[in-house]
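There are 2 protein chains.
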Amino acid sequence: VVIPPGDDMGGVIVGGQLVLITVDQLADGVHFDSALTPLELIGRKAITRNLSDVAAMAAKPVGAVCAGCLPRGFGEANANRLFDVMREVAERYGCPLIGGDISVWDQRLILTVTVIAEPAGIEPVLRGGAKPGDVICVTGRLGGSWTAPAESGGGPHMEFEPRVSLARKLAGMVKLHSMMDISDGLAMDLPRICEASKVGAEIEVASLPLRPQAHTAAKLSGKPAWVHGVGDGEDYELLFTVSQADAVKLPGEIDGVPVTRIGRVTGGGGVMLIHEGGRREAMGPGGWEHHE
Amino acid sequence: VVIPPGDDMGGVIVGGQLVLITVDQLADGVHFDSALTPLELIGRKAITRNLSDVAAMAAKPVGAVCAGCLPRGFGEANANRLFDVMREVAERYGCPLIGGDISVWDQRLILTVTVIAEPAGIEPVLRGGAKPGDVICVTGRLGGSWTAPAESGGGPHMEFEPRVSLARKLAGMVKLHSMMDISDGLAMDLPRICEASKVGAEIEVASLPLRPQAHTAAKLSGKPAWVHGVGDGEDYELLFTVSQADAVKLPGEIDGVPVTRIGRVTGGGGVMLIHEGGRREAMGPGGWEHHE
Chain B
1 VVIPPGDDMG GVIVGGQLVL ITVDQLADGV HFDSALTPLE LIGRKAITRN LSDVAAMAAK
61 PVGAVCAGCL PRGFGEANAN RLFDVMREVA ERYGCPLIGG DISVWDQRLI LTVTVIAEPA
121 GIEPVLRGGA KPGDVICVTG RLGGSWTAPA ESGGGPHMEF EPRVSLARKL AGMVKLHSMM
181 DISDGLAMDL PRICEASKVG AEIEVASLPL RPQAHTAAKL SGKPAWVHGV GDGEDYELLF
241 TVSQADAVKL PGEIDGVPVT RIGRVTGGGG VMLIHEGGRR EAMGPGGWEH HE
Chain P
293 VVIPPGDDMG GVIVGGQLVL ITVDQLADGV HFDSALTPLE LIGRKAITRN LSDVAAMAAK
353 PVGAVCAGCL PRGFGEANAN RLFDVMREVA ERYGCPLIGG DISVWDQRLI LTVTVIAEPA
413 GIEPVLRGGA KPGDVICVTG RLGGSWTAPA ESGGGPHMEF EPRVSLARKL AGMVKLHSMM
473 DISDGLAMDL PRICEASKVG AEIEVASLPL RPQAHTAAKL SGKPAWVHGV GDGEDYELLF
533 TVSQADAVKL PGEIDGVPVT RIGRVTGGGG VMLIHEGGRR EAMGPGGWEH HE
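Note that the protein sequences, when read in sequence, are chains B and P. Quick note: the first sequence uses this note's numbering, first residue 1, plus one each step. Quick note: the second sequence uses this note's numbering, first residue 293, plus one each step.
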């Protein structure tokens, strides 16, 4: 085992070649609501959630297998639609579905996808490489991923774009010291980079790139929008650190996706939020817990 | 994709190296009954079911990832016991658990395990290589895999030994033309080899090696024991074909596991059962459907 559990993908050597592997499940009532969400979005997310882990390592997807437990009465037409979407989305990312296992049961729909990937010329970027003085960056925008017209069953948490090619472009521009994808929210995920790297971090609250939905969520909750930016989770954006010298080489956006400096790595002291005017506070967990 | 869906494992090339992958899920109420079955057997089967697919290709396991959806209230102690068993069983077969994904929901327990494997010097044995004239063989004994004292929750379908090392020993002795593991029962699985190989088959009913449990099942059902041997499923034994010249090289048992000639491959005509006295009948599906 070359990359043990705890990173976005595990890694083993197969015939002298590093092979990366990740698994994610998507369960009705936990990760989506089948009463609201179109099958097309469910199938899409089953694949893209895994591809976001591949992006987090700057790796290249190679293939996927899918296991599904379908509720009795789900119907063959629905099953075909679901698997067609998964196949199509996976192939769009060069990741053919090469096997599966389907059962029928009297419980709710659950899909489990495993993706294998290869470095393909780019050393996998782990969580443990952040260095004091590094600049912390994110791709895209954060927050409010669950805030969508309720009747749509969609929103960013279902329709995000996994940053597979973006991650590899970043790796070609700069030396990525550490990287992961934001699935549980910056407030829960940044401490994971800090723990793996034995460093601390400071986040400039005013610099956080927020989704329009984070502001919508703020209106609904009465909390500041940045709280949604760090706490909502399911952003599926890249969180990474680079040296200060490299940070200046980064463009403000790549292929239309913003790349934003949000803070810096420190020698220790946990994760601190720096508010406008300089007020400092420790970033609480406040991370996302699965909605139901 | 080098080995497309339809075999026991899919195969893709990663950096010039063939990597095999398989996924299987184990769902409460479908593949086991959590009210009866000890966690140790559930964890064991989650791993061994996949390893049986690895054996079916004569491949060598490299690593595994596991996704689990735990029922609310399952408890941390139970979760730890379950994953400890999986880790321990997997490592016994040289197949470290290198990642996972755990959720909690208000439905029943489901575990999904993905295993990757490598050829490691033995060309993967597919289903499509059977040739007319081949001898059909099985390892171990068949039938009655669900027949156990009901209160034990166990029996062969939970406690079988995946034939990983046995398959590789067989591959070292003879040229395996085709192979798979018997999961749905000989009556459903042998036709899969025939279809993939575009051949037919004849099975000598009297030659079928039956488990003691097949006879127990026969007493309970009033059907002949061989019906349980071909129809019960979840045997997780190897079904393979070799040339007649190679068949004579096979010992009657390897490491205490019987290796039995049960019939021959024909040019076509479906799968026929040859009864004692010469009566012929087409083998119906009669394959195993998931118990509940």
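Using N, Cα and C, we set each Cβ at its ideal position, and we do this for glycine too. Remember, predicted model here, so these are calculated numbers, not experimental data.
message: As a quick exercise: from B:Gly277, B:Gly128, B:Met158 and B:Ala120, pick the residue whose alpha carbon is nearest that of Asp33 (chain B).
response: B:Met158
message: I want to see whether chain B comes within less than 8 Å of Glu496 (chain P), judged by CB atoms only; does it?
response: no
Whole-angstrom C-beta distance between Val174 (chain B) and Leu273 (chain B), which should lie under 8 Å: About 25 Å separates the two Cβ atoms, so there is no contact after all.
query: Can you find a CB in chain P that lies within less than 8 Å of the CB of Met57 (chain B)?
result: no
field: Contacts around Val315 (chain P), its chain only, beta-carbon distance under 6 Å, and the 5 residues preceding and following it disregarded
entry: Thr406
field: Burial state of Ile408 (chain P), where buried means 16 or more other Cβ atoms lie within 10 Å
entry: buried
field: Three CB pairs or more closer than 8 Å across the segment 32-49 of chain B and the segment 80-89 of chain B
entry: yes
query: Can you find a C-beta in chain B that's less than 8 Å from the C-beta of Trp397 (chain P)?
result: yes
field: Short CB-CB distance (under 8 Å) between Val377 (chain P) and chain B
entry: no
- prompt: Is DSSP giving Ser145 (chain B) helix, strand or coil here?
  reply: coil
- prompt: Does any C-beta atom of chain P lie closer than 8 Å to the C-beta of Met179 (chain B)?
  reply: no
query: Straight-line CA distance for Phe532 (chain P) to Asp101 (chain B)?
result: 22 Å
field: Minimum C-alpha distance to Val89 (chain B) - residue among B:Glu161, B:Cys194, B:Gly229 and B:Met283
entry: B:Glu161
- prompt: Quick one: complete beta strand (DSSP E) runs, 3+ long, within the segment 324-371 of chain P?
  reply: 352-363
Gln309 (chain P), enclosing alpha helix (DSSP H) - first and last residue: Segment Gln309 to Ala319 is the beta strand (DSSP E) holding Gln309 (chain P); no alpha helix (DSSP H) there.
query: Taking Cβ positions only, does Glu88 (chain B) come closer than 8 Å to chain P?
result: no
field: N-terminal and C-terminal residue of the beta strand (DSSP E) that Ala282 (chain B) is part of
entry: Arg280 to Ala282
message: My output table needs one value for Ile13 (chain B): the three-state DSSP class, helix, strand or coil.
response: strand
- prompt: chain P beta carbons: is any one of them nearer than 8 Å to that of Ala27 (chain B)?
  reply: yes
query: Would you call Val354 (chain P) buried or exposed, if buried means 16 or more other Cβ atoms sit within 10 Å of its Cβ?
result: buried
task: For the alpha helix (DSSP H) containing Val115 (chain B), list its first residue and its last residue.
output: Taken as a continuous stretch (DSSP letters only), Val115 (chain B) belongs to no alpha helix (DSSP H), being part of the beta strand (DSSP E) at Ile110 to Glu118.
query: Does any C-beta atom of chain P lie closer than 8 Å to the C-beta of Glu253 (chain B)?
result: no
message: Given a cut-off of 8 Å on the beta-carbon distance, is the pair Met86 (chain B) and Asp53 (chain B) in contact?
response: no
- prompt: What's the gap between the Cα of Ile122 (chain B) and the Cα of Ile182 (chain B)?
  reply: 21 Å
query: Out of B:Asp189, B:Gly277, B:Gly268 and B:Arg211, which has the shortest C-alpha to C-alpha gap to Leu238 (chain B)?
result: B:Asp189
task: Quick one: which residues of the segment 396-429 of chain P get their C-beta closer than 9 Å to a C-beta of chain B? List them in chain order.
output: Val396, Trp397, Asp398, Gln399, Arg400, Ile402, Thr404, Val405, Thr406, Ile408, Ala409, Glu410, Pro411 and Ala412
Those residues which DSSP pairs with Leu530 (chain P) across a bridge: P:Asp473
- prompt: Val30 (chain B) CB to nearest chain P CB: under 8 Å?
  reply: yes
- request: For Met9 (chain B), go through chain P and note every residue whose CB falls closer than 8 Å to its CB, in chain order.
  value: Gly391
task: Using the Cα positions of Asp476 (chain P) and Gln107 (chain B), report the straight-line distance between them to the nearest angstrom.
output: 22 Å
- request: Assign Ile428 (chain P) to one of three DSSP states: helix, strand, or coil.
  value: strand
Bridge partner(s) assigned by DSSP for Ile414 (chain P): Paired residue(s): none; Ile414 (chain P) is not in a bridge.
Buried versus exposed call for Val294 (chain P) [16 or more other C-beta atoms within 10 Å across all chains shown]: exposed
- prompt: Which two residues bound the contiguous alpha helix (DSSP H) that contains Ile485 (chain P)?
  reply: Leu478 to Ser489
- prompt: Over what stretch of residues does the beta strand (DSSP E) that includes Ser103 (chain B) continue unbroken?
  reply: Leu97 to Trp105
- prompt: So Gly436 (chain P) packs on Arg336 (chain P), CB below 8 Å; how close in whole Å?
  reply: Wrong, their Cβ atoms sit about 19 Å apart, outside the cutoff.
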